[in-house]
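Comments concern the structure below.
Number of protein chains: 2
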Amino acid sequence: MEMPAPNASILARKHQIVARLREVLPEGSVISELSETRAYECDALTAYRCPPLCAVLPSSTEEVSAVLKICFEEGVPVVPRGSGTSLAGGALPTADSVILGVAKMNRVLETDYANRFIRVQTGRTNLSVSGAVAEEDFFYAPDPSSQLACAIAGNIAMNSGGAHCLKYGVTTNNLMGVTMVLMDGTVIELGGAHLDAPGLDLLGVICGSEGQLGVVTEATLRILRKPEGARPVLMGFAANEVAGECVSDIIKAGVLPVAIEFMDRPCIEACEAFAKAGYPMCEALLIVEVEGSEAEIAEQLEKIIEIAKRHNPVELREARDEDEAGRIWLGRKSAFGAMGQINDYMCLDGTIPVSSLPHVLRRIGEMSEEFGLKVANVFHAGDGNMHPLILFNANEEGQLELCERFGAEILKLCVEVGGCLTGEHGVGIEKRDLMHTQYAPADLEAQMAVKDVFDPHWLLNPAKVFPLDASEARRSAALAAE
Amino acid sequence: MEMPAPNASILARKHQIVARLREVLPEGSVISELSETRAYECDALTAYRCPPLCAVLPSSTEEVSAVLKICFEEGVPVVPRGSGTSLAGGALPTADSVILGVAKMNRVLETDYANRFIRVQTGRTNLSVSGAVAEEDFFYAPDPSSQLACAIAGNIAMNSGGAHCLKYGVTTNNLMGVTMVLMDGTVIELGGAHLDAPGLDLLGVICGSEGQLGVVTEATLRILRKPEGARPVLMGFAANEVAGECVSDIIKAGVLPVAIEFMDRPCIEACEAFAKAGYPMCEALLIVEVEGSEAEIAEQLEKIIEIAKRHNPVELREARDEDEAGRIWLGRKSAFGAMGQINDYMCLDGTIPVSSLPHVLRRIGEMSEEFGLKVANVFHAGDGNMHPLILFNANEEGQLELCERFGAEILKLCVEVGGCLTGEHGVGIEKRDLMHTQYAPADLEAQMAVKDVFDPHWLLNPAKVFPLDASEARRSAALAAE
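Listed in order, the protein sequences are those of chains W and Z. Under UniProt numbering, think of the first position of the first sequence as 1, with each following residue one higher. Under UniProt numbering, think of the first position of the second sequence as 1, with each following residue one higher.
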């Protein structure tokens, strides 16, 4: 991916900029030595790296505001960073940017069980939000795979989902309000611990905005009562098409499992070799999980199994206890690790209408042969969020580029069948130039005009989300207008 | 409510503007005679009336685009209108504005059961969306009281809810995508029949934007499989506080009824006198409805009744059949009609944290004595959406103003306890000047800056949502800059 050349004037003023930042932050919160800024040179899209001008680690909304005010005055780009787990390069710095890391901001500010919300600083990790309310048997629903590490700030930036979002929705469905600092240091409040918001509801556009509009420092999150229990069932099918039809029939029947996970044969083989979960060797596996009381679980599973049987499953395994449930999930949860064991891989993140699944898998298979690269498919089938893993050899010249070209073709296919470029990983740098595929010029212009409002100089998280030529043109125009 | 003086230049050009509109619309779609434009002089907030310059009734996105382009060029304000059921004056015209009614645009464009969506023109009424998918046992979840009449366009503009939104969410949770025409005639697509949207998700800010950003002409809506059955239970309590605690306990227990409706004594008395539903005369009534299969219903009701019993109910009546269920809902559903029978009333729409309910009801009671006006409370208790009905006599000089002042105090109280000005009716003209109570200047500025982007000349739905001084200042500045 091409990145814009750094602004020489900013590089020349590094000393002065760092000095000003040190004035407003406590000791140790401004990192400017190259040996230390290297820690911030990439996120989980490790193919791209660039150490930032410096990194700051504020502890409060006030400190974030002070930092942004300085960067605004100095014309310095700012790259907000949660835990750096982005798979799309969402937290990749440029050489002339300040990394604004929220990791120190991890406090719980308020917990209210009667009104079912928690307010936290956004550096708090996803799993530790649930941890903070576990004693009262509550939890926070969105559960991205990286939940042990990823920060709420990043979840909000990418509108993260997870295996259980079929039932509980993604971040935007569980976010009630935020405190956000604009690029000029202004602090605004959006939403809150109440239903709806009078006037324009800006919360929806903040969620998923990938650090383009401001830095979210505090968040009010919906918490839910833990279900009494949960139970998965494993189903094996002789063809992807059949598994796809089974998913469609479950959804159409009005049963609402918390998760429907789909794995194709290459994925099953890799998982089984790695985790030895006892998966049957077949073309497609589904893990369907339901939750509730014993009676609710039994009733839902009965319906689901009845539907599955109509599709001649080669395997149908209901978990009888915790241990069997654990084994059913074991393979799926180690899928990404399993792939990493045998290959380098690129994890894609398109969405499609659930009914297009068989067609899309067939086309991916054909393209896999054309490109000469294997693909394993893991899929949140209930809500149409695909995660094709393209396997390649990073040490072989040209393979990364080939893999990227193949990935782009898969995402174009997703758009073609009525889906979209990204379900939960975000656009970042990875998909910015594919935005032309998804949107007509007028659609993109509307988005960029909203960005203009919040960040008129285009300083926030530069060279991402929007096609590079478009965002660079916007940034140059802003500079020229000064 | 004060409205700005009409623009004399526009009134003088009426003939020319109407002629241009007739050029792009079929015969009969432009209404300009005063005898006919009177039909558009108000919405359901009938205290305020003003016939528009003219009204247009386009049949397609293309016609809407042509109309808006002309109005943009002529500098004429446009007031979008669904079915005119707004209780907040959301569709109130100004004398110099064109009413753009979407009532003719009521076609179903696409139905997809496998992927659970329907695409409609936005003039279609809420109930007829469910009607279009009823044969396959699907339904569209948001169910405002006015669902027989209100249009999807208005539902999107106000982010409407309904009695069942505790379980299914409000419009924003069931809206997947829209086609929207900007003020200059540009057509944009937001979201679609897929999960999430890459880049900035503008769909969230469009939903609930009260016609300030564009005219939504087509919508993709989530449809759901109808539950097997539903059953309400009626509970009477000796005090509002006790009923409030019972609601809190049900929510905390993790049971998710589809509806929890609350009525206080003045409301019970009026409903009973009107509908004779056999309600017990007590201080507070709850109607709690659960749905699912027989087994699910039984299990949920068992838990709910167990919780209710801990609060010493004076009545606990489970519906044993359809007829009894109908009788339990009868009173609640006729609440507004019952009130209208005995009095003029103003229906408010604030939200509060559920746990503040007893405090808020006590304060409303005290204020009711201070103002000398009675209040009956109907409340979507599950999600904290209050509908206090202030009773007054419209024929008595000064009573409307007194009622409006009292209403404003109640809404300020909602904000004070951590709630907000409106749950589903919108700000309209009714609450625009209370926006200062809800938002700090920087918060309001962020909203108005977004409005600037979509509607730089502030022509769309003028004098609403934002405080009048602020929106008029913005409009004058835009005029001066031309």
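Positions of the beta carbon are idealized from the N, C-alpha and C atoms, including for glycine.
Item: In DSSP terms, what glycine 208 of chain Z is bridged to; Value: According to DSSP, which records beta bridges pairwise, glycine 208 of chain Z is partnered with nothing at all.
Item: Beta-carbon gap between valine 64 of chain W and valine 170 of chain W smaller than 7 Å; Value: no
Item: Three-state secondary structure assigned by DSSP to glutamate 189 of chain W; Value: strand
Item: Chain Z contacts from the segment 112 to 131 of chain W (Cβ-Cβ distance under 7 Å); Value: Tyr113, Ala114, Asn115, Arg116
Item: Nearest-angstrom Cα separation, counted from glycine 204 of chain W out to cysteine 271 of chain W; Value: 37 Å
Item: Whole-Å CB distance - isoleucine 156 of chain Z paired with valine 133 of chain Z, under 8 Å assumed; Value: Incorrect: roughly 18 Å between the Cβ atoms, too far for contact.
Item: Lysine 451 of chain W to isoleucine 206 of chain Z span [Cα, whole Å]; Value: 15 Å
Item: Those runs of the beta strand (DSSP E) which lie wholly inside the segment 255 to 341 of chain Z and span at least 3 residues; Value: 259 to 264, 284 to 292, 315 to 318
Item: Valine 76 of chain Z - containing beta strand (DSSP E), residue span; Value: Counting along the chain, valine 76 of chain Z falls outside any beta strand (DSSP E), and DSSP gives it neither H nor E.
Item: Spatial distance of glycine 191 of chain Z from isoleucine 268 of chain Z (CA atoms); Value: 43 Å
Item: N-terminal and C-terminal residue of the beta strand (DSSP E) that asparagine 377 of chain W is part of; Value: 375 to 380
Item: Counted within 10 angstroms of its Cβ, other Cβ atoms place arginine 320 of chain W as buried (16 or more) or exposed; Value: exposed
Item: Residue-chain proximity (valine 216 of chain W, chain Z), Cβ-Cβ < 7 Å; Value: no
Item: Within chain Z, partners of valine 354 of chain W - CB distance below 7 Å; Value: Ala114, Asn115
Item: Which residues DSSP lists as bridging phenylalanine 392 of chain W, in chain order; Value: W:Asp344
Item: Arginine 119 of chain W - partner residues in DSSP beta bridges; Value: W:Glu110, W:Thr220
Item: Residue-level contact to chain W via CB, valine 465 of chain Z, 7 Å cutoff; Value: yes
Item: Unbroken stretches of the alpha helix (DSSP H), 4 residues or longer, contained in the segment 36 to 96 of chain Z; Value: 61 to 74
Item: Span of the beta strand (DSSP E) around valine 178 of chain W; Value: 175 to 181
Item: Limits of the unbroken alpha helix (DSSP H) element including methionine 105 of chain W; Value: Per DSSP, methionine 105 of chain W belongs to no alpha helix (DSSP H) and is neither H nor E.
Item: Whether aspartate 143 of chain Z touches glycine 84 of chain Z by CB criterion (7 Å); Value: no
Item: Same chain, Cβ closer than 6 Å to glycine 423 of chain W, neighbours up to 5 away in sequence not counted; Value: Asp349, Thr351, Asn385
Item: Residues of its chain near proline 257 of chain Z, where Cβ-Cβ distance is below 8 Å and the 5 sequence neighbours each way are ignored; Value: Leu166, Lys167, Ile250, Val288, Glu289, Val290, Gln300, Ile304, Gly382
Item: Per-residue DSSP class, three states only, for arginine 13 of chain W; Value: coil
Item: Where the beta strand (DSSP E) through leucine 234 of chain Z begins and ends; Value: 229 to 237
Item: Residues of its chain near glutamate 110 of chain Z, where Cβ-Cβ distance is below 6 Å and the 5 sequence neighbours each way are ignored; Value: Arg119
Item: Three CB pairs or more closer than 8 Å across the segment 48 to 61 of chain W and the segment 82 to 96 of chain W; Value: yes
Item: Neighbourhood of arginine 38 of chain Z by C-beta distance below 8 Å, restricted to the same chain and skipping five residues each side; Value: Pro51
Item: Where leucine 421 of chain W meets chain Z, residues with beta-carbon distance less than 8 Å; Value: Pro198
Item: Contact list for cysteine 207 of chain Z against chain W, beta-carbon separation under 9 Å; Value: Asp201, Gly204
Item: Bounding residues of the alpha helix (DSSP H) (the contiguous stretch that carries valine 360 of chain W); Value: 357 to 371
Item: Residue-level contact to chain W via CB, lysine 252 of chain Z, 7 Å cutoff; Value: yes
Item: Pick from W:Arg474, W:Ala481, W:Glu445, W:Val427 that is closest to glycine 211 of chain W, judged by C-alpha positions; Value: W:Val427
Item: Alpha carbon of threonine 122 of chain Z to alpha carbon of serine 334 of chain W, nearest angstrom; Value: 45 Å
Item: Endpoints, beta strand (DSSP E) assigned at isoleucine 99 of chain W; Value: 98 to 101
Item: Bridge-paired residues (DSSP) for methionine 386 of chain W; Value: W:Phe379
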